[in-house]
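**Student:**
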Amino acid sequence: MSNTIEKINPNLPIYIERCQKPDNEHPINVVIMFGWTNSNLGNVSKIASYWRKKGNAHILYWIAPYFPYIWFTNKATQACAAFIPYLQEFGVLPTTSENDDSIHSPTKPKLIAHAFSNGGTLGLAGLAEACKLQNLPLHYSALIIDSAPGYASIFTVYRVFTVAQKNPIKKAFLAIAIEFLFLFFGLPSLLLYSRFTGRKNIIEFFTNVLFEHNAAKYSPRLFIYSKTDKLIPSSSVEEVLAKSVRLCGDKTRKLCLEESDHVMHWAKHTDIYENAVDSFIDEFNVQSDLPIITPHEQSKL
Numbered sequence: 000m001s002n003t004i005e006k007i008n009p010n011l012p013i014y015i016e017r018c019q020k021p022d023n024e025h026p027i028n029v030v031i032m033f034g035w036t037n038s039n040l041g042n043v044s045k046i047a048s049y050w051r052k053k054g055n056a057h058i059l060y061w062i063a064p065y066f067p068y069i070w071f072t073n074k075a076t077q078a079c080a081a082f083i084p085y086l087q088e089f090g091v092l093p094t095t096s097e098n099d100d101s102i103h104s105p106t107k108p109k110l111i112a113h114a115f116s117n118g119g120t121l122g123l124a125g126l127a128e129a130c131k132l133q134n135l136p137l138h139y140s141a142l143i144i145d146s147a148p149g150y151a152s153i154f155t156v157y158r159v160f161t162v163a164q165k166n167p168i169k170k171a172f173l174a175i176a177i178e179f180l181f182l183f184f185g186l187p188s189l190l191l192y193s194r195f196t197g198r199k200n201i202i203e204f205f206t207n208v209l210f211e212h213n214a215a216k217y218s219p220r221l222f223i224y225s226k227t228d229k230l231i232p233s234s235s236v237e238e239v240l241a242k243s244v245r246l247c248g249d250k251t252r253k254l255c256l257e258e259s260d261h262v263m264h265w266a267k268h269t270d271i272y273e274n275a276v277d278s279f280i281d282e283f284n285v286q287s288d289l290p291i292i293t294p295h296e297q298s299k300l
């Protein structure tokens with residue numbers, strides 16, 4: 000893990016890694032690594048080595064624990080608001096809602112979101128919502144969505160968390176614990192939380208930003224997923240992917256891997272993964288300030 004990473008706030012799961020070798024002839028772009036739920040900074044910063052190699056970018060990190068963010072999307076929005084002063088410092092956002100002269104400037108840095116699993120997409124959406132609440136014009140120049148979005152069944156969760164457990168007593172204990180958590184936390188959240196609070200669950204929260212929010216609905220997006228992901232099935236990702244193709248196909252790309260575990264696609268297929276991201280970034284010329292804003296119904300992938 001890079002020793003240049005600093006925690007932004009002692010009470011929030013967000014970090015910063017400032018660019019060490021800036022290119023004075025070009026704006027320094029900003030990449031936000033939105034880690035998966037209960038990820039750790041070491042693992043996510045390893046994947047960020049891709050952006051370090053490309054250089055000329057500040058890297059921000061969202062490393063969210065399971066609770067309270069997954070069940071309370073407003074908590075994610077509040078936490079991600081702490082990114083805003085840094086995005087203003089780096090020139091991605093104006094300093095006030097009225098001071099937006101630089102929004103279309105050719106020297107404006109680009110903002111790239113690299114999100115992993117549902118927990119990462121929660122952070123991506125949370126930042127968009129936080130900027131909206133402050134009337135700040137956030138625009139993601141590119142979205143890289145790894146292993147998301149999607150729902151996993153309780154049986155899938157059970158297999159993922161018990162596959163390596165050989166002790167039958169411990170395995171039975173895990174089964175009881177998972178069932179308890181699902182019945183008393185998961186099921187009430189899915190059935191009651193949205194209805195009685197008026198708030199969206201994590202998947203709805205993200206897809207609303209992806210398809211309806213100005214921060215992301217015009218943004219090129221690359222979905223990376225696997226046919227053998229045991230936690231988020233490929234069919235779940237492809238359901239959202241199909242909608243993205245239908246609504247904004249000219250900006251939708253995918254990398255579907257034959258075999259790799261959840262959020263382990265970069266680790267197992269590093270060259271394929273990085274080549275796909277390279278092609279995506281180059282195709283949409285993220286270095287320029289020419290966002291594609293007119294969706295067309297085409298399914299080029």
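Counting in numbering that gives the first Met the number 0, the sequence shown runs from 0 upward without gaps.
Think of the CB as a built atom: it goes at the ideal place given N, C-alpha and C, for glycine as much as any other residue.
Since the structure is predicted, the reported quantities are computational estimates derived from the model, not experimental observations.
1) Return yes when the Cβ of T206 is within less than 9 Å of the Cβ of G118, no when it is not.
2) Can the beta-carbon of V276 be found closer than 9 Å to that of I143?
3) Mind checking whether K216 and F222 have CB atoms under 9 Å apart?
4) According to DSSP, simplified to helix, strand and coil, what is L132?
5) Which first and last residues belong to the beta strand (DSSP E) in which E211 is found?
6) Over what stretch of residues does the beta strand (DSSP E) that includes D270 continue unbroken?
7) Could you give the distance in angstroms between the alpha-carbon of Y85 and the alpha-carbon of L92?
8) If you drop the 5 nearest sequence neighbours on each side, which residues of the same chain put their C-beta closer than 7 Å to that of I58?
9) Indicate whether the contact test is met: 3 or more Cβ pairs, each with one atom in the stretch 120 to 138 and one in the stretch 70 to 83, closer than 8 Å.
10) Would you identify the three-state DSSP class for L191, choosing helix, strand or coil?
11) Verify whether the separation of the beta carbon atoms of K226 and H261 is less than 9 Å.
12) Suppose the cutoff is 6 Å on Cβ atoms and the five residues either side in sequence are ignored; what does the same chain contact list for E258 look like?
13) Mapping DSSP to helix, strand and coil, what is Y85?
14) If you run the structure through DSSP and keep just helix, strand and coil, what is L110?
15) Do you know how far the Cα of I168 is from the Cα of A56?
16) Taking the straight line between their C-alpha atoms, what separation do you get for P232 and K242?
**Tutor:** Walking through what the data contain:
1) Residue 118 sits at position 119 when you count from the first residue of the sequence shown. Residue 206 sits at position 207 when you count from the first residue of the sequence shown. Contact: no.
2) Position 277 of the sequence shown, counted from the start, is the residue given in the question as residue 276. Position 144 of the sequence shown, counted from the start, is the residue given in the question as residue 143. For V276 and I143, yes; Cβs fall inside 9 Å.
3) Taking the first residue of the sequence shown as 1, we reach residue 216 at position 217. Taking the first residue of the sequence shown as 1, we reach residue 222 at position 223. Going by C-beta atoms, K216 is not nearer than 9 Å to F222.
4) By 1-based counting over the sequence shown, the position of residue 132 is 133. It is helical.
5) Locating residue 211 in the sequence shown gives position 212, where the first residue counts as 1. Counting along the chain, E211 falls outside any beta strand (DSSP E), though it belongs to the alpha helix (DSSP H) covering 201 to 211.
6) Against the sequence shown, residue 270 aligns to sequence position 271. Counting along the chain, D270 falls outside any beta strand (DSSP E), though it belongs to the alpha helix (DSSP H) covering 269 to 282.
7) In the sequence shown, the residue the question calls residue 85 occupies position 86. In the sequence shown, the residue the question calls residue 92 occupies position 93. Using only the alpha carbons, I get a separation of about 9 Å.
8) The residue you call residue 58 lines up with position 59 of the sequence shown. These residues qualify, in order along the chain: E16, V30, M32, A47, W50.
9) yes
10) Here residue 191 refers to the residue found at position 192 of the sequence shown. Low confidence applies to L191: its pLDDT is 48, below 50, so where it sits in the model is not reliable enough to give any reading.
11) Locating residue 226 in the sequence shown gives position 227, where the first residue counts as 1. Locating residue 261 in the sequence shown gives position 262, where the first residue counts as 1. Cβ atoms of K226 and H261: not closer than 9 Å.
12) As a position in the sequence shown, residue 258 is number 259, starting the count at 1. These residues qualify, in order along the chain: T227.
13) If you number the sequence shown from 1, residue 85 lands on position 86. When secondary structure is reduced to three states using DSSP, Y85 falls in the helix class.
14) The residue given as residue 110 occupies position 111 in the sequence shown. Note: L110 maps to strand in three-state DSSP.
15) Taking the first residue of the sequence shown as 1, we reach residue 56 at position 57. Taking the first residue of the sequence shown as 1, we reach residue 168 at position 169. Each residue's alpha carbon lies about 49 Å from the other.
16) One-based indexing of the sequence shown puts residue 232 at position 233. One-based indexing of the sequence shown puts residue 242 at position 243. Near 17 Å, if we compare the C-alpha coordinates of K242 and P232.
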